[in-house]
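Student: Protein chains in written order, with my numbering: chain A, 55 to 329; chain B, 12 to 339.
Glycine included, C-beta positions come from ideal geometry on N, C-alpha and C.
Every value quoted in this text rests on a predicted model; they were computed, and no experiment measured them.
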Amino acid sequence: MPTNSESVLVTLVVALPIESRPLQNFFQMKPLRGTRNIYQSEEEVRLLITGIGRSNVKRSLAMLTSGELSEQSLSAWLNIGIAGHRTLPVGETMVANKISCAASARSAFPTPVLVSRNYGEVITVDEPEVNYPQNAAYDMEASAFWDVASRNGILDLVQCCKLVSDNPHHGVEKITTALIEEIFNDALQEIRQHVDSLRELALEQQQLASDPVPFLEIADQTHLSVNQALQIRRLCQRLIVLNKERELENILDAGYKNGRELIHALREALQSSSE
Amino acid sequence: MKFSAVYIEREVAEHDSVQRIITQVGDSPIVMIERYGEVFNRAGQNFRLQKRAPALILAKKHGKTVLPAPEGYGFERGRGFYFSHMLNCLYDCRYCFLQGMYRSAHYVLFVNFEDFMAGIDSEASNHKENTVFYSGYDCDSLAMEPVSAFCKSFVPFFASRPESVLEIRTKSTQVRQLLNFKAVDNCVIAMSLTPESASNRWEHKVPALSKRLQALKKLQLAGWKIAIRFEPVIAEPGVDGDYDKLFKRVFSVLAANELHSVSLGEFRLPAQFHKTLVKLYPDDNLLARETVRQDGMLSLLEGGEVLLKSLEDKLLSYVDRSCYYRCA
Ligand code: SF4
Numbered sequence: 055m056p057t058n059s060e061s062v063l064v065t066l067v068v069a070l071p072i073e074s075r076p077l078q079n080f081f082q083m084k085p086l087r088g089t090r091n092i093y094q095s096e097e098e099v100r101l102l103i104t105g106i107g108r109s110n111v112k113r114s115l116a117m118l119t120s121g122e123l124s125e126q127s128l129s130a131w132l133n134i135g136i137a138g139h140r141t142l143p144v145g146e147t148m149v150a151n152k153i154s155c156a157a158s159a160r161s162a163f164p165t166p167v168l169v170s171r172n173y174g175e176v177i178t179v180d181e182p183e184v185n186y187p188q189n190a191a192y193d194m195e196a197s198a199f200w201d202v203a204s205r206n207g208i209l210d211l212v213q214c215c216k217l218v219s220d221n222p223h224h225g226v227e228k229i230t231t232a233l234i235e236e237i238f239n240d241a242l243q244e245i246r247q248h249v250d251s252l253r254e255l256a257l258e259q260q261q262l263a264s265d266p267v268p269f270l271e272i273a274d275q276t277h278l279s280v281n282q283a284l285q286i287r288r289l290c291q292r293l294i295v296l297n298k299e300r301e302l303e304n305i306l307d308a309g310y311k312n313g314r315e316l317i318h319a320l321r322e323a324l325q326s327s328s329e
Numbered sequence: 012m013k014f015s016a017v018y019i020e021r022e023v024a025e026h027d028s029v030q031r032i033i034t035q036v037g038d039s040p041i042v043m044i045e046r047y048g049e050v051f052n053r054a055g056q057n058f059r060l061q062k063r064a065p066a067l068i069l070a071k072k073h074g075k076t077v078l079p080a081p082e083g084y085g086f087e088r089g090r091g092f093y094f095s096h097m098l099n100c101l102y103d104c105r106y107c108f109l110q111g112m113y114r115s116a117h118y119v120l121f122v123n124f125e126d127f128m129a130g131i132d133s134e135a136s137n138h139k140e141n142t143v144f145y146s147g148y149d150c151d152s153l154a155m156e157p158v159s160a161f162c163k164s165f166v167p168f169f170a171s172r173p174e175s176v177l178e179i180r181t182k183s184t185q186v187r188q189l190l191n192f193k194a195v196d197n198c199v200i201a202m203s204l205t206p207e208s209a210s211n212r213w214e215h216k217v218p219a220l221s222k223r224l225q226a227l228k229k230l231q232l233a234g235w236k237i238a239i240r241f242e243p244v245i246a247e248p249g250v251d252g253d254y255d256k257l258f259k260r261v262f263s264v265l266a267a268n269e270l271h272s273v274s275l276g277e278f279r280l281p282a283q284f285h286k287t288l289v290k291l292y293p294d295d296n297l298l299a300r301e302t303v304r305q306d307g308m309l310s311l312l313e314g315g316e317v318l319l320k321s322l323e324d325k326l327l328s329y330v331d332r333s334c335y336y337r338c339a
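The structure is reproduced here in structure tokens:
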């Protein structure tokens, strides 16, 4: 079915500028005009740098999702960032299948749509965790990311991927900017796969939610009430699905200027299709 | 069997069934949860998207495990009840009401069969007349047998309760477990069938008609009671001819005079579920068709009494009227 939109955004959310640089280069992103912490590529990958910690994430995401930029197409969300882990080696990646907030003891469960070598729990803490009490990834942002992103779009398209930067054998004190860059560079291909998977899923949803082209033409030329617009949109969609595009074109050519008459004509065309 | 994840309610983590299932799910990631509602049917979830890679949720059913069946459901006389040990289905029929009922496509398997059994016993003892228990209302009862062990548990249970009937509704060919048992007289295997063209078009992932007929034949030869539900009838050009072929094929494989019952039923959906399905599949031909609404249910404009009567006449040339009913 022809649709008016073929694009979706995949928004990557990182805490640190140092985490963002490999992503900016890899996806060929440019700063978004008028912003200091948002980058975007021509292939509709957007990057938000939030700063460290839950409150920074909440503030940055709230600004992004409530401002002008929220008007853009459907978005999938991916939080990427370094994390400590009790058992995974430094450099390993892990997709979150559970995100817990240590402060509130609340947990959320991202839908398993991404393919990875490792899956596990991410526990968001307010201070770096150096004892790794559970077999989980410890970060400082994921739960806040989930809280805001999950209210903006399809829940199944909110995901989180952590890159292990420290563990009991390689403590937080050994994390350097060079190490972070190295870890990110090594994970770029996997991140690319996650972005592509999310884009594919989001695109399917976007296409299903998009207005059929004939409806857009009608809406452009005819004054319609909200209710009429909804009815005409679905009638156009149904005629297209039922291979009655020619009938639809004829109705468009007839140039109806009245919503009610147009609905009547579209209904008649549909009913003739079921005879 | 592999799932995108296996979620386990902490409360049932030590349950024997859970321990067994864990050994069967390969390297599917396992996630502990408190209540299945944490992952199932959350606001903002999308059934179509989740259907690409569903997860398995192992949970405990709380509250009432057995509910009264809708008026006119099924063939058997007596008090009807249904129970759902599982929510959602391995298959993906475009007309399935489950898509309208849940926002999640994950499979929820309630492992506390003992509570379902207690519920069944309690309803059976509360009623003097015969009781019929329908399984497969919110799932396909056989499709997940290797994981659920539903038949393995419930068939012997009903075998020792001859005053109650179990009807297992399915589109599956997973009959190995049933064939391991001696046929149980008060257990009916009810297979839903549509013409091959309709099945190919709308019943994604459902085993081929030929395979299902072979499975039924094996069961019938082994002495099991077989019922055929010719449902849902989807009206379209050529549908009469499609049913001619279907009936001919079915009754050339199965002994018509040994069937427990046969039924016909039109494609019908609660209007609210239809609306949800349209949102999920606006690009689907079946859901774009003209419908008529009666008592809150939508059916296809092209269908109706004339078509059903004509199919009924054809069907009754193969089976005795006494074993036929039309689905309410
Ligand atoms: S087999 Fe039955 S329960 Fe399963 S998808 Fe098809 S209609 Fe739904």
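(1) Hey, quick one: how far does the alpha helix (DSSP H) through E258/A stretch, first residue to last?
(2) Please report the Cβ distance between I44/B and V17/B, rounded to the nearest whole angstrom; I am assuming they are in contact, meaning their Cβ atoms lie under 8 Å.
(3) What's the gap between the Cα of D126/B and the Cα of V29/B?
(4) If you run the structure through DSSP and keep just helix, strand and coil, what is L78/B?
(5) Take every Cβ of the stretch 272 to 291 of chain B, pair it with every Cβ of the stretch 315 to 334 of chain B, and state whether three or more of those distances are shorter than 8 Å.
(6) For the ligand SF4, I want to know if L109/B counts as a neighbour, meaning its beta carbon is within less than 7 Å of at least one of the ligand's heavy atoms.
(7) Helix, strand or coil, according to DSSP, for S15/B in the structure here?
(8) Are the stretch 276 to 295 of chain A and the stretch 313 to 328 of chain A touching, with three or more C-beta to C-beta distances below 8 Å?
(9) Using the DSSP secondary-structure output, state which residues sit across from W131/A in a beta bridge.
(10) Within the chosen definition, does the stretch 242 to 259 of chain A reach the stretch 270 to 278 of chain A through at least 3 CB pairs nearer than 8 Å?
(11) Can you tell me whether L204/B is helix, strand or coil according to DSSP?
(12) For the beta strand (DSSP E) containing G276/B, list its first residue and its last residue.
(13) Please list the terminal residues of the continuous alpha helix (DSSP H) segment that includes Q305/B.
(14) Taking only beta-carbon atoms, is G249/B less than 8 Å away from chain A?
(15) Around the Cβ of G138/A, are there at least 16 other Cβ atoms within 10 angstroms (buried) or fewer (exposed)?
(16) Check the Cβ of N52/B against every Cβ in chain A and list those closer than 9 Å, keeping chain order.
(17) Between the stretch 129 to 137 of chain B and the stretch 32 to 39 of chain B, do at least 3 Cβ pairs fall closer than 8 Å?
(18) Can you find a C-beta in chain B that's less than 8 Å from the C-beta of S129/A?
(19) My parser needs the beta strand (DSSP E) runs of 3 or more residues fully inside the stretch 279 to 325 of chain B; what are they?
(20) Once you ignore the five residues that flank Q56/B on each side, which residues in its own chain have a CB closer than 8 Å to its CB?
(21) Let me know the beta strand (DSSP E) ranges lying completely inside the stretch 65 to 133 of chain B, each 3 residues or longer, listed in chain order.
(22) Taking S326/A as the reference, give the member of L120/B, Y254/B, P218/B and E313/B with the closest Cα.
(23) Counting Cβ pairs closer than 8 Å, one from the stretch 201 to 220 of chain B and one from the stretch 163 to 170 of chain B, do we hit at least three?
(24) Using DSSP's beta-bridge definition, name the partner residues of H26/B.
(25) Listed from N- to C-terminal order along the chain, which residues in the stretch 163 to 181 of chain A have their beta-carbon within a distance smaller than 7 Å of any beta-carbon of chain B?
(26) Where Y310/A and L270/A are concerned, what is the direct C-alpha to C-alpha distance, given to the nearest angstrom?
(27) Hey, how far is the Cα of Q82/A from the Cα of V99/A?
(28) Can you find a C-beta in chain A that's less than 8 Å from the C-beta of K301/B?
(29) Starting from Q94/A and walking both ways along the beta strand (DSSP E), at which residues does that stretch end?
(30) For R59/B, which residues in the same chain have their Cβ closer than 6 Å to its Cβ, ignoring the five residues on either side in sequence?
(31) Would you please verify whether the beta carbon of P56/A is less than 8 Å from any beta carbon of chain B?
(32) Can you tell me which residues form a DSSP beta bridge with C198/B?
(33) Thinking just about the alpha-carbon of each residue, which of I237/B, K228/B and L227/B is nearest to the one in N197/B?
(34) Can you list the residues of chain A that G55/B reaches, using a CB-CB cut of under 7 Å?
(35) Pair every Cβ in the stretch 205 to 217 of chain A with every Cβ in the stretch 234 to 246 of chain A, then say whether three or more of these pairs are closer than 8 Å.
(36) Among E315/A, V267/A, P71/A and T119/A, which residue has its Cα nearest to the Cα of L293/A?
Tutor: According to the structure shown:
(1) As a working mapping, residue 258/A is identified with position 204 in the first sequence. Counting along the chain, E258/A sits inside the alpha helix (DSSP H) bounded by residues T231 to A263.
(2) Position 33 of the second sequence, counted from the first residue, corresponds to residue 44/B. Position 6 of the second sequence, counted from the first residue, corresponds to residue 17/B. I44/B to V17/B, Cβ: 10 Å. No contact.
(3) The residue given as residue 126/B occupies position 115 in the second sequence. The residue given as residue 29/B occupies position 18 in the second sequence. Spanning the two alpha carbons is a distance of roughly 15 Å.
(4) As a position in the second sequence, residue 78/B is number 67, starting the count at 1. Strand, per DSSP.
(5) Counting Cβ pairs under 8 Å, three or more are found: they touch.
(6) What you label residue 109/B is simply residue 98 of the second sequence in a count that begins at 1. Result yes, Cβ under 7 Å from the ligand SF4.
(7) Here residue 15/B refers to the residue found at position 4 of the second sequence. In the three-state scheme derived from DSSP, where H, G and I count as helix and E and B as strand, S15/B is classed as coil.
(8) Yes, the stretch 276 to 295 of chain A touches the stretch 313 to 328 of chain A.
(9) Against the first sequence, residue 131/A aligns to sequence position 77. Beta-bridge analysis with DSSP links W131/A to T65/A and V212/A.
(10) Segments in contact, no.
(11) Locating residue 204/B in the second sequence gives position 193, counting from the first residue. Coil.
(12) Position 265 of the second sequence holds residue 276/B. S272 to E277 is the span of the beta strand (DSSP E), which, as asked, contains G276/B.
(13) Position 294 of the second sequence, counted from the start, is the residue given in the question as residue 305/B. If you look at Q305/B, you'll find it isn't in any alpha helix (DSSP H); it sits in the beta strand (DSSP E) that goes T302 to Q305.
(14) Translated into positions along the second sequence, residue 249/B becomes position 238. False, the Cβ-Cβ gap to chain A never drops below 8 Å.
(15) Taking the first sequence and counting its residues from 1, the one referred to as residue 138/A is at position 84. By the 10 Å Cβ count, G138/A comes out buried.
(16) Along the second sequence, read from residue 1 onward, the residue named residue 52/B stands at position 41. Correct list: empty, because the minimum Cβ distance to chain A is about 11 Å.
(17) Under the three-pair Cβ rule at 8 Å, the stretch 129 to 137 of chain B does not count as touching the stretch 32 to 39 of chain B.
(18) Against the first sequence, residue 129/A aligns to sequence position 75. Cβ-Cβ to chain B under 8 Å: no for S129/A.
(19) Within the stretch 279 to 325 of chain B, the complete beta strand (DSSP E) segments at least 3 residues long are 279 to 281, 302 to 305 and 308 to 311, listed from N- to C-terminus.
(20) On the second sequence, residue 56/B is found 45 positions in, with the first residue counted as 1. Once the five neighbours on either side are set aside, the close Cβ partners of Q56/B are R114 and S115.
(21) Within the stretch 65 to 133 of chain B, the complete beta strand (DSSP E) runs of at least 3 residues are 67 to 70, 90 to 94 and 118 to 121.
(22) The residue you call residue 326/A lines up with position 272 of the first sequence. With distances taken between Cα atoms, S326/A lies closest to E313/B.
(23) Cβ pair count under 8 Å is below three, so no.
(24) Within the second sequence, the letter at position 15 stands for residue 26/B. Bridge partners of H26/B: none, in fact.
(25) Taking 7 Å as the Cβ-Cβ cut-off, the stretch 163 to 181 of chain A approaches chain B at F163, T165, P166, V167 and Y173, given in chain order.
(26) The residue labelled residue 310/A in the question sits at position 256 within the first sequence. The residue labelled residue 270/A in the question sits at position 216 within the first sequence. Between Y310/A and L270/A, the C-alpha separation is close to 14 Å.
(27) By one-based count along the first sequence, residue 82/A stands at place 28. By one-based count along the first sequence, residue 99/A stands at place 45. In a straight line, the C-alpha of Q82/A is about 9 Å away from that of V99/A.
(28) For the purposes of this step, residue 301/B is taken as residue 290 along the second sequence, with counting starting at 1. With the sequence shown as reference, residue 301/B is identified as Glu, and Lys is not the correct amino acid for it. At a cut-off of 8 Å between beta carbons, E301/B contacts chain A.
(29) On the first sequence, position 40 is the one that residue 94/A refers to. Residues I92 to Q94.
(30) Here residue 59/B refers to the residue found at position 48 when the second sequence is read from its first residue. The answer, listed in chain order, is L291.
(31) Residue 56/A sits at position 2 when you count from the first residue of the first sequence. Because P56/A carries a pLDDT of 35, less than 50, the predicted location of this residue cannot be relied on, and no value is offered for it.
(32) The residue labelled residue 198/B in the question sits at position 187 within the second sequence. For C198/B, which the question treats as bridged, DSSP gives the partners L177/B.
(33) Taking the first residue of the second sequence as 1, we reach residue 197/B at position 186. If we check each option's Cα against that of N197/B, I237/B comes out closest.
(34) Here residue 55/B is taken as the residue at index 44 of the second sequence, counted from 1. Per Cβ cutoff of 7 Å: S204, I208 and L209.
(35) With a cut-off of 8 Å, the stretch 234 to 246 of chain A and the stretch 205 to 217 of chain A count as touching, because enough Cβ pairs lie within range.
(36) Here residue 293/A refers to the residue found at position 239 when the first sequence is read from its first residue. Of E315/A, V267/A, P71/A and T119/A, the residue nearest in Cα terms is V267/A.
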